[in-house]
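S.K.:
Protein chains: 2
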Amino acid sequence: MIEQSQTPRQIEIIEAALNLISNEGIQSLTIKNLSKRIGITEPAIYRHFENKIQILITILDLFKEKSKALFDSELYKSDSAINKIEHLMNNHLQALTSKPSLINVIFSEEIFKNEKVLLDKINEVIAHNYGILTEIITDGQQNKIIREDISASILATIIMGSLRLFIKQWQFNLHKDLMEIEGAKFINAVKILIRNPQ
Amino acid sequence: MIEQSQTPRQIEIIEAALNLISNEGIQSLTIKNLSKRIGITEPAIYRHFENKIQILITILDLFKEKSKALFDSELYKSDSAINKIEHLMNNHLQALTSKPSLINVIFSEEIFKNEKVLLDKINEVIAHNYGILTEIITDGQQNKIIREDISASILATIIMGSLRLFIKQWQFNLHKDLMEIEGAKFINAVKILIRNPQ
DNA sequence: GCAAAGTTAGTATATATTCACTAACTAAAA
DNA sequence: TTTTAGTTAGTGAATATATACTAACTTTGC
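Chains as they are written, first to last, in our numbering: chain A, 6 to 203; chain B, 6 to 203.
1) Which value, in whole angstroms, describes the spacing of the CA atoms of Ile36(B) and Thr139(B)?
2) On the DSSP bridge list, what partners appear for Arg200(B)?
3) What does the alpha-carbon distance come out to for the pair Glu153(A) and Gln203(A)?
4) What is the residue span of the alpha helix (DSSP H) that Asn96(B) lies within?
5) Starting from Asn28(A), trace the alpha helix (DSSP H) both ways and give me its first and last residue.
6) From the beta carbon of Leu183(B), is the nearest beta carbon of chain A less than 9 Å away?
7) Thinking C-beta only, is Ile90(A) closer than 9 Å to Leu101(A)?
8) Taking all protein chains shown into account, do 16 or more other C-beta atoms lie within 10 angstroms of the C-beta of Thr162(A), making it buried, or fewer, making it exposed?
9) From what residue to what residue does the alpha helix (DSSP H) around Gln174(A) run?
10) Using 9 Å as the limit for Cβ to Cβ distance, is Arg169(B) near chain A?
11) Please go through the segment 26 to 76 of chain B and give each complete alpha helix (DSSP H) segment of 4 or more residues, from N-terminal end onward.
12) Taking 9 Å as the threshold (C-beta atoms), are Arg200(A) and Ile87(A) in contact?
13) Residues of chain A with a CB under 8 Å from the CB of Phe191(B): which are they?
14) Determine the direct distance from the alpha carbon of Leu160(A) to that of His133(B), and round the result to whole angstroms.
15) Return the CA-CA distance between Asn105(B) and Gln176(B), expressed in angstroms with no decimal places.
16) Give a yes or no on contact between the segment 19 to 36 of chain B and the segment 181 to 196 of chain A, applying the rule of three or more CB pairs nearer than 8 Å.
17) Does DSSP put Phe191(A) in a helix, in a strand, or in coil?
18) Less than 8 Å between the CB atoms is what I'm expecting for Ser85(B) and Ile150(B), so what's the real figure, rounded?
19) Taking buried to mean at least 16 other C-beta atoms within 10 Å of its own C-beta, is Gly145(A) buried or exposed?
20) Counting only the same chain and skipping the five closest in sequence on each side, list residues whose C-beta sits under 6 Å from that of Glu8(B).
21) Check whether the Cβ of Glu8(B) lies closer than 9 Å to any Cβ atom in chain A.
22) So what does DSSP say about Ser83(B), is it helix, strand or coil?
23) Between Lys126(A) and Tyr81(B), what straight-line distance do the alpha-carbon atoms span, to the nearest angstrom?
24) May I have the straight-line CA-CA distance separating Leu34(A) from Ala189(A), to the nearest angstrom?
25) Any Cβ of chain A within less than 9 Å of the Cβ of Ala194(B)?
26) Just the chain B side, please: which residues come within less than 8 Å of Leu198(A) by C-beta, in chain order?
27) Need the endpoints of the alpha helix (DSSP H) that Ser106(A) sits in, please.
28) Helix, strand or coil for Glu120(A) per DSSP?
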């Protein structure tokens, strides 16, 4: 499964696609719009990608890679579980604020419903991240840092779910400064909640 | 804003639409599929609804009404804030397990993106519920039942966000019995988290 | 000179919607 | 009471548009 490096035009196409998704939603990711943005004709797109699905697969692979790197790197750090989770959430927020188009990718499962390959890819990423997060939480519980009166899997659901909604709420006013302040408050709240009381 | 009662055929169409959405996703809600399900031709649909958007608007109004009734009724009860929230989550889960098609409606914002009327309607519902929930939480904080070290709005985000993800995770195995057990565990976890410690 | 990247012109399919018309029923007029 | 006019809910055929994709030809850069 070697990642083929992309040609400049391919990168250009992917970037145009991400911009389209970001600005007008995944609905408007059409070959026509795509080619218009780049300034070539529709058939020219097919010189660089076999079909539209391949474009989406490339985007999802990119997303997967980024997301996986984020989560995996945290797992093996020698830090407390709570700090790991804080990092994770922070990095996640930062990644999304710096590339808002990815937000729409995460939330477009519904669109991929008829394309099993795409749906599988997205679910794979989500499941993987969920697994890592649960692992970190379990570790924290064993070290008595994270509360044990709630199962690790439920805590993971609460963390990921609330993070998702938080991102969604801020989707349209991503002014970096304000978002950073509110993001810090939010992450802090989660930390307070999961920390072992007593 | 008087609710026009619907004709039997209109009800039939709405129900067929909900079934379609529920079974094959909102993507497959086409006039063709709709008419096929009912057993009439496509143009006949237009004898009962002006256009496709009107069908969706009717569905969203239905959803709005149901959801609003759920939240509003809870607000004015003379119960503790935590009990109110528990009820709210319980009712929400129950409503969705009994009419799974509604789940897909909640999660189809992305599809409505180009149709401002629809997007507004969905956002309206979400904002309203969020407001009510925040109000209940604030009240609970004033009565020292809910923890005060986290703002009501952040707690609301955490509750709604995690509930949403929980629903999504269970979207495909809605076996009532198991879902009920897991749902109870989940709601209990939220209760533990928001309750005022000490 | 030739391979890569582009163009023009087209296809097939899907989708929402309109059009002209009809059968069955209902209310009004003679 | 029986025509007459009007309504309701349907049909088959057609239209406009969008979309992914293809075939055949041309330009361009090494």
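Note that the Cβ used here is the ideal one computed from N, Cα and C, for glycine as well.
M.R.: Per the coordinate set shown:
1) Going from the Cα of Ile36(B) to the Cα of Thr139(B) covers about 40 Å.
2) Under DSSP, Arg200(B) takes part in a beta bridge, and its partners are Ile151(B).
3) Rounded to the nearest angstrom, the two C-alpha atoms are 12 Å apart.
4) Start and end: 86 to 103.
5) Start and end: 13 to 29.
6) It does not; no Cβ of chain A falls within 9 Å.
7) It is not a contact, given that the beta carbons lie outside the stated cut-off.
8) It is buried - the Cβ of Thr162(A) has at least 16 other Cβ atoms within 10 Å.
9) Unbroken alpha helix (DSSP H) run through Gln174(A): 157 to 175.
10) Chain A, which has a Cβ nearer than 9 Å to the Cβ of Arg169(B), makes this yes.
11) Annotation: the segment 26 to 76 of chain B contains the following complete segments of the alpha helix (DSSP H) (minimum length 4 residues), in chain order: 36 to 43, 47 to 50.
12) Yes, these two residues count as a Cβ contact at 9 Å.
13) What Phe191(B) touches in chain A: Ile159, Thr162.
14) Going from the Cα of His133(B) to the Cα of Leu160(A) covers about 26 Å.
15) Checking the sequence, you will find Pro at residue 105(B) rather than Asn. Looking at the two C-alpha atoms, the distance is approximately 8 Å.
16) Contact fails: fewer than three Cβ-Cβ distances are below 8 Å.
17) For Phe191(A), the secondary structure class from DSSP, reduced to helix, strand or coil, is helix.
18) 6 Å between Cβ atoms; contact.
19) Counting other Cβ atoms within 10 Å of its Cβ, Gly145(A) reaches 16 or more and is therefore classed as buried.
20) Low confidence applies to Glu8(B): its pLDDT is 42, below 50, so where it sits in the model is not reliable enough to give any reading.
21) Any reading at Glu8(B) needs caution, since the residue's pLDDT is 42, under 50, leaving its predicted position unreliable; the model's value is listed next. It does not; no Cβ of chain A falls within 9 Å.
22) Residue state for Ser83(B) is assigned as coil, using DSSP reduced to three classes.
23) Taking the Cα positions, Lys126(A) is about 45 Å away from Tyr81(B).
24) Going from the Cα of Leu34(A) to the Cα of Ala189(A) covers about 33 Å.
25) Interface residue, yes.
26) Annotation: Cβ neighbours of Leu198(A) in chain B (cutoff 8 Å, chain order): Ile155, Ile163, Leu198.
27) 106 to 111 is the extent of the alpha helix (DSSP H) around Ser106(A).
28) Coil.
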